[in-house]
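A short worksheet on the structure shown next.
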Amino acid sequence: MPSPNELYDQAIDLRDAGDKEAAVSKLKEAVEADPEHTLSHGLLARLCVDLGQFDDAMMHARRVAELEPEDPFSYTALSVIYQRCGRIPEAEDAMARARMKQMGIE
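FYI, the numbering for the sequence shown is 1 to 106, going by UniProt numbering.
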């Protein structure tokens, strides 16, 4: 069985070839094998938005923030996903958290 990193790499190749659905499938395999595989959750969030799977996109973006709570970029990415899903208040909250993390507050 391929490792989560190998599955992630395969998903990148599939995405680059234009097959986002197959890429999502590979990434889901990766997070099943390793629920803490942050890279896979992050790419899943972006691809799910592209495919109109907004609930899944937000779930995976939130998971990245849970796994990397001290990384301001986690919250910036979460904010972008919320924006693309039309969830503006949540996007603003996530961006505020990103700013606080950048300033070392919280």
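Positions of the beta carbon are idealized from the N, C-alpha and C atoms, including for glycine.
For Ala11, count neighbouring C-beta atoms within 10 Å of its own C-beta (all shown protein chains included) and say buried if the count is 16 or more, exposed if not.
The sequence position of residue 11 within the sequence shown is 11, counting from 1. Counting Cβ neighbours within 10 Å, Ala11 comes out buried, since at least 16 surround it.
Report yes if the CB atom of Leu44 is closer than 9 Å to the CB atom of Leu27, and no otherwise.
Numbered from 1 along the sequence shown, position 44 holds the residue referred to as residue 44. Numbered from 1 along the sequence shown, position 27 holds the residue referred to as residue 27. Yes; because the gap between Cβ atoms is below 9 Å, this pair is in contact.
Would you kindly report the start and end of the unbroken alpha helix (DSSP H) that includes Cys48?
Walking along the sequence shown from the start, residue 48 turns up at place 48. 38-50 is the extent of the alpha helix (DSSP H) around Cys48.
Mark Met58 as exposed unless 16 or more other C-beta atoms lie within 10 angstroms of its C-beta, in which case mark it buried.
Residue mapping note: residue 58 aligns to position 58 of the sequence shown, counting from 1. With at least 16 other beta carbons inside 10 angstroms of its own, Met58 counts as buried.
Quick check: what's the CA-CA separation for Glu36 versus Arg62?
Walking along the sequence shown from the start, residue 36 turns up at place 36. Walking along the sequence shown from the start, residue 62 turns up at place 62. Cα to Cα, the separation comes out at about 12 Å.
If the criterion is Cβ atoms closer than 9 Å, does the pair Lys101 and Tyr82 meet it?
On the sequence shown, residue 101 is found 101 positions in, with the first residue counted as 1. On the sequence shown, residue 82 is found 82 positions in, with the first residue counted as 1. No.
How long is the line joining the alpha carbons of Pro2 and Phe73, rounded to whole angstroms?
One-based indexing of the sequence shown puts residue 2 at position 2. One-based indexing of the sequence shown puts residue 73 at position 73. For Pro2 and Phe73, the distance between alpha carbons rounds to 28 Å.
Is Gly42 near Ala96, with beta carbons less than 9 Å apart?
Sequence index remark: in the sequence shown, residue 42 carries index 42 (1-based). Sequence index remark: in the sequence shown, residue 96 carries index 96 (1-based). In terms of Cβ geometry, Gly42 and Ala96 do not form a close pair [threshold 9 Å].
Have a look at Ala23 and Asp34 and give me their C-alpha separation to the nearest angstrom.
Residue 23 sits at position 23 when you count from the first residue of the sequence shown. Residue 34 sits at position 34 when you count from the first residue of the sequence shown. Take the alpha-carbon of Ala23 and the one of Asp34: they are about 16 Å apart.
What is the rounded straight-line gap between the Cα of Lys20 and the Cα of Glu29?
Along the sequence shown, one-based indexing puts residue 20 at 20. Along the sequence shown, one-based indexing puts residue 29 at 29. Looking at the backbone, the Cα of Lys20 and that of Glu29 are separated by about 14 Å.
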